[in-house]
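Colleague: Got a structure for you, written out below as structure tokens; questions coming shortly.
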Amino acid sequence: MIKILSGLHAPDSGGVIEIEGQPVSFSTTRDASRAGIATVYQELLLFPELTITENIFLGHSPRRRWGGIDWAEARSRARRLLDSLDCYALDTDTKVSTLSVAQRQRVEIAKALSHDARVLIMDEPTASLPQADVDQLMDVVKKLRAQGVAIIYVSHRMSEIFELADRVTVLRDGALIGTHAIDEVDEAKLVSMMVGRAIEQLFPKVEPNIGEVVFEAEGLNCGPLVKNVSFSLRRGEILGVAGLIGSGRTELALALFGITPATSGTIRVKGKQEVIRSPRSARDLGIAYVPEDRGLQGLVKPLPISQNISMASLDRMTTFSIIPFAEEARRALAAVKRLGVRSRGDVHQAVGELSGGNQQKVVVAKWLETQPEILILDEPTRGVDVGAKAEIHAVMGELAQKGLAIIMISSELPEVLGMSDRIMVINNGSVVETIDRADATPESVGMAMTAEQKKMDAA
Amino acid sequence: MHIRKILRHETILAVLTVIVLIVLSFQSDRFFTVDNLLNQGRLMTEVGLIAIMMTFVIATGGIDLSVGSIVGLTAILMGVFWKNLGMPLPAAMILAIISGTLAGFGNGVIITRFSVPPLIATLATLALYRGIAEGISQARSVRGYPDWFYVLGQGEFAGVPTQLWILLVVAVVSALVLGVTRIGRTVYAIGFNEVAARFSGLPVDRTKLAIYTASGFAAALAGVIFVSRVSTTRSDMGTGLELDAITAVVLGGTSIYGGRGTIAGTFIALVLIQGLKNGLSWPALREKEPSC
Chain L
3 MIKILSGLHA PDSGGVIEIE GQPVSFSTTR DASRAGIATV YQELLLFPEL
53 TITENIFLGH SPRRRWGGID WAEARSRARR LLDSLDCYAL DTDTKVSTLS
103 VAQRQRVEIA KALSHDARVL IMDEPTASLP QADVDQLMDV VKKLRAQGVA
153 IIYVSHRMSE IFELADRVTV LRDGALIGTH AIDEVDEAKL VSMMVGRAIE
203 QLFPKVEPNI GEVVFEAEGL NCGPLVKNVS FSLRRGEILG VAGLIGSGRT
253 ELALALFGIT PATSGTIRVK GKQEVIRSPR SARDLGIAYV PEDRGLQGLV
303 KPLPISQNIS MASLDRMTTF SIIPFAEEAR RALAAVKRLG VRSRGDVHQA
353 VGELSGGNQQ KVVVAKWLET QPEILILDEP TRGVDVGAKA EIHAVMGELA
403 QKGLAIIMIS SELPEVLGMS DRIMVINNGS VVETIDRADA TPESVGMAMT
453 AEQKKMDAA
Chain X
138 MHIRKILRHE TILAVLTVIV LIVLSFQSDR FFTVDNLLNQ GRLMTEVGLI
188 AIMMTFVIAT GGIDLSVGSI VGLTAILMGV FWKNLGMPLP AAMILAIISG
238 TLAGFGNGVI ITRFSVPPLI ATLATLALYR GIAEGISQAR SVRGYPDWFY
288 VLGQGEFAGV PTQLWILLVV AVVSALVLGV TRIGRTVYAI GFNEVAARFS
338 GLPVDRTKLA IYTASGFAAA LAGVIFVSRV STTRSDMGTG LELDAITAVV
388 LGGTSIYGGR GTIAGTFIAL VLIQGLKNGL SWPALREKEP SC
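Chain order of the listed sequences is L and X.
Sequential numbering of the first sequence, starting at 3, is according to this note's numbering.
Sequential numbering of the second sequence, starting at 138, is according to this note's numbering.
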């Protein structure tokens, strides 16, 4: 949708885009920017080795009479643009590679504004920002709005929508669901429009069916962020792992999965002591890991859906190393149907073309193909839209019911509280508390997450 | 989607190759004779063997610059084992090929165990292996091999040069391995995203080690064939061969960043390059030596 507006894709048929009453059609991004539409994409598209000024004026730099680039003019205009975005501290000659994500985003916005944009499209601008930067960004957006720039702000964070928007439009599966003035709707209404269901069903906790212990860890150590960790996991149980970012949650998962094997401690799978040296040995013990960084660790994006799904279970599928292609496609299709992955066509579409939620489902499908007994999910719903999130939660519940033991790492407290049977709180590499579902409240978990940190701050 | 793209690249390349061959055959009535074509196939074999294995290496996003030096090293070792150490020639051949394969294995170990970028690692071994070859040979060449040895590089089997049979077998087997096996799939996955391949439990290090070893083996085999073809052993054999091989691989559609590429593409590119080399030298030859 955004890609059509900004001219990256042409619409397949029909539809007229009007700007200030004039119908326009774009076949390239250049047409779109000439018409005053500028876009800030979810993935920032800057050249890290160029300076801020060079990035902002790439392709339309102010010229001197003989066609040379007027750098002085470019710098002063870059300065003015950055100042208008409250970035007084940024030097225009800094290389973009040295900037933080929030600063880079500001440069993107400046670049968009340098085209004299009248319509600014922002696609999930806050998806990768920490909270403090989000607040600053909100201020910038409000300021731009006050200057008369029309803004299309794409986000799945409710609080931002309500803080910024005058009107809100809900799209689901490529179709328009509705447009409302912001004071006509509340959060519950909006979510139900997005999901097509009411909000109460967001965490469909099914009655757990907990069996015997399948996995035990005792005194695990690995680097500075996994210290003397012990826990056990039962069949059919969802163990939530809560903790601040950098508390060692992911490091624990990486140790369990053999990416960075534990340096000491014992692991017992189904009562038998095992050593996990590599992801392969973890997989052969029935452990699956859906990693935190989908794009980098979870998927080979240019490869088709079918090949991604079969990737972890190739050893099992092949005879004399030869891949049975028909069988591979058939199993992928079954997995795609079971998990409700929405693709444009078939299982031969490249995974990179899917939306975040559907990509995540492909990662989950890949690991379910290995028929694991222990599933580790690291931030399973980060960067995933509300609809796909609910579907992933439903799948988790279903799997647990069938006897899969699940470890779910999440930064979202409601998710941890809503899905887990037990919650293990990690703080600074150690398990500080394990709380049963019945006793868990946002306060008790939140306290445990931050407790030691406060002690350390005080010291 | 991308499979279709690769096919398109190969189709275009094949059409281009056919056009070039047709144009060249009008340039000289000698070009399109069975004798000449088979002879060109003979000349293509050494770089061909190396390029086919190089396709695997480059498809993982790596590179192997040391192959030319491995050719030289293998050639020298064979000569020295046979002449100076008095080994029977078959044993010397086998031992030399094993040494070349070990040189490739060495590349693989440096790259996987010590995480050295392939470009740096094989640039270093390019100098190292050539240096060893020159140190051993002391600028002397080895000649006077028994007649049966020349069958490999100068003989024929069923009317086709012996080494061309070897090249065809290696090409077909490699095309199958890269196209339809778990190993090939692992190669592509590593080329596109090594981290995700590792996180999916694919044997990343083992596969890389295997393909650098195979690259060494191909270079060693090419070295022995080279000696048999030119009847002599010198330490500077195969100098620059790595660039010819890389040219063929990249022209054949393999992405230098990894992930894409097929053996068929490499093979067509080899034919195109060899055709051009041969065809473009004909008019010049005619001018110099009208009687030839």
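Cβ atoms here follow ideal geometry from the backbone N, Cα and C, with glycine treated the same way.
Who are the near neighbours of L/Leu47 in its chain, counting only those whose CB is closer than 8 Å to its CB and skipping five residues on each side?
Modeller: Glu110
Colleague: Sort X/Gln164, X/Gly185 and X/Ser162 by Cα distance to X/Phe363 and report the nearest one.
Modeller: X/Gly185
Colleague: Exposed or buried, L/Pro293, counting other C-beta atoms within 10 Å across all chains shown (16 or more means buried)?
Modeller: With 16 or more other Cβ atoms from the protein chains shown falling within 10 Å of its own Cβ, L/Pro293 counts as buried.
Colleague: Report buried or exposed for X/Gly296, applying the criterion of at least 16 other Cβ atoms within 10 angstroms of its Cβ.
Modeller: exposed
Colleague: Do X/Val204 and the ligand ADP come close, with the Cβ less than 8 Å from some heavy atom?
Modeller: Looking for the ligand ADP in the displayed structure turns up nothing, as the structure carries no ligands at all.
Colleague: Give the C-beta separation of X/Ala240 and X/Ile200 to the nearest angstrom, bearing in mind that I take them to be a contact with Cβ-Cβ under 8 Å.
Modeller: Contact doesn't hold; Cβ gap of about 16 Å is too wide.
Colleague: Using a Cβ-Cβ cut-off of less than 9 Å, give me the residues of the segment 297 to 314 of chain L that come near chain X, in sequence order.
Modeller: Gly297, Leu298, Gln299, Gly300, Leu301, Val302, Lys303, Pro304, Leu305, Pro306, Gln309, Asn310, Ser312, Met313 and Ala314
Colleague: Is it the case that the Cβ atoms of L/Gly233 and L/Glu253 are separated by a distance below 9 Å?
Modeller: Reading off the sequence, residue 233 of chain L comes out as Phe, not Gly. In this structure, L/Glu253 does not lie closer than 9 Å to L/Phe233 by Cβ.
Colleague: Relative to the C-alpha of L/Pro304, which candidate in X/Ser236, X/Arg397 and X/Val246 has its C-alpha closest?
Modeller: X/Arg397
Colleague: Apart from the five residues just before and just after L/Ile153, which ones in its own chain have a Cβ nearer than 7 Å to its Cβ?
Modeller: Beyond the five residues adjoining it in sequence on each side, L/Ile153 comes within less than 7 Å, by CB distance, of Leu122, Met124, Val143, Leu146 and Arg147 in the same chain, given in chain order.
Colleague: Give me, in chain order, the residues of the same chain whose beta-carbon lies closer than 8 Å to that of X/Leu150; leave out the 5 immediate sequence neighbours on both sides.
Modeller: Leu388, Gly389, Gly390, Gly402, Ile405, Ala406 and Leu409
Colleague: Within the continuous beta strand (DSSP E) that includes L/Lys274, where are the two ends?
Modeller: Lys274 to Glu276
Colleague: Rounded to whole angstroms, how far is the Cβ of L/Val386 from the Cβ of L/Ile394, which I believe are closer than 8 Å?
Modeller: Cβ atoms of L/Val386 and L/Ile394 come within 8 Å of each other, at about 7 Å.
Colleague: Tell me the DSSP secondary structure of X/His146 in three-state form.
Modeller: helix
Colleague: Drop a sphere of 10 angstroms on the beta-carbon of X/Leu358, count the other beta-carbons inside from all chains shown, and report buried for 16 or more, exposed for fewer.
Modeller: Per the 10 Å Cβ criterion, buried.
Colleague: By Cβ distance below 8 Å, which residues in the same chain neighbour L/Asp141 in space, the five residues on each side in sequence not counted?
Modeller: Asp88
Colleague: If I measure Cβ to Cβ from X/Gly245 and keep anything under 7 Å in the same chain, skipping five residues before and after, which residues do I get?
Modeller: Lys345, Leu346, Tyr349 and Thr350
Colleague: When you compare the segment 307 to 314 of chain L with the segment 395 to 415 of chain L, are there three or more beta-carbon pairs, one atom per stretch, that lie closer than 8 Å?
Modeller: no
Colleague: Identify, in the order they occur along the chain, each residue of the same chain with its Cβ nearer than 6 Å to the Cβ of X/Ser372, setting aside the five sequence neighbours on each side.
Modeller: Once the five neighbours on either side are set aside, the close Cβ partners of X/Ser372 are Gly209, Ile213, Ala270, Glu271 and Ser274.
Colleague: Mind listing which residues of the segment 97 to 118 of chain L have their C-beta closer than 7 Å to chain X's C-betas, in chain order?
Modeller: For the segment 97 to 118 of chain L, the set of residues with a beta-carbon nearer than 7 Å to any beta-carbon of chain X is empty.
Colleague: Whole angstroms are fine: how far does the CA of X/Ser368 sit from the CA of X/Val286?
Modeller: According to the sequence as given, residue 286 of chain X is Phe; it is not Val. Between the alpha carbons of X/Phe286 and X/Ser368 lies a distance of about 9 Å.
Colleague: Nearest by alpha-carbon distance to L/Asp438: which of L/Asp423, L/Val427 and L/Glu445 is it?
Modeller: L/Asp423
Colleague: By the three-class DSSP mapping on this structure, what secondary structure does X/Ser372 have?
Modeller: coil
Colleague: At the 9 Å Cβ level, is X/Leu339 part of the contact set with chain L, yes or no?
Modeller: yes
Colleague: In chain L, which residues lie less than 8 Å from X/Phe329 when you measure between Cβ atoms?
Modeller: Val302, Lys303, Pro304 and Leu305
Colleague: Let's test the definition: count the other Cβ atoms within 10 Å of the Cβ of L/Gln107 and tell me whether it reaches 16, buried, or not, exposed.
Modeller: buried
Colleague: Residues in the same chain with beta-carbon distance under 6 Å from L/Leu115, minus the five sequence neighbours each way, listed in chain order, please.
Modeller: Leu83
Colleague: With 16 other CB atoms within 10 Å as the buried threshold, where does L/Val462 fall?
Modeller: Nothing about residue 462 of chain L can be reported from this structure: the residues present for chain L run from 3 to 461 only.
Colleague: Skipping 5 residues on each side, what residues in its chain have a beta carbon closer than 7 Å to that of X/Leu161?
Modeller: Phe168, Gly412 and Gly416
Colleague: For L/Asp168 versus L/Ile179, is the C-beta distance shorter than 9 Å?
Modeller: Between L/Asp168 and L/Ile179, the CB-CB gap reaches or exceeds 9 Å.
Colleague: Below 9 Å between beta carbons: does that hold for L/Arg81 and L/Asp72?
Modeller: no
Colleague: Return the residues of the segment 262 to 278 of chain X that lie within a Cβ-Cβ distance of less than 9 Å from chain L, sorted by chain order.
Modeller: Of all residues in the segment 262 to 278 of chain X, none has a C-beta nearer than 9 Å to a C-beta of chain L.
Colleague: Could you give the first and the last residue of the continuous beta strand (DSSP E) run that contains L/Leu305?
Modeller: Run containing L/Leu305: none; DSSP gives neither H nor E here.
Colleague: If we count the other Cβ atoms within 10 Å of its Cβ and call it buried at 16 or more, is L/Asp380 buried or exposed?
Modeller: The Cβ neighbour count for L/Asp380, taken over all protein chains shown within 10 Å, is at least 16; the residue is labelled buried.
Colleague: Taking Cβ-Cβ distances shorter than 7 Å, what residues in chain X pair up with L/Leu316?
Modeller: Arg319 and Arg322
Colleague: Check the Cβ of X/Gly396 against every Cβ in chain L and list those closer than 9 Å, keeping chain order.
Modeller: Val302, Pro304 and Leu305
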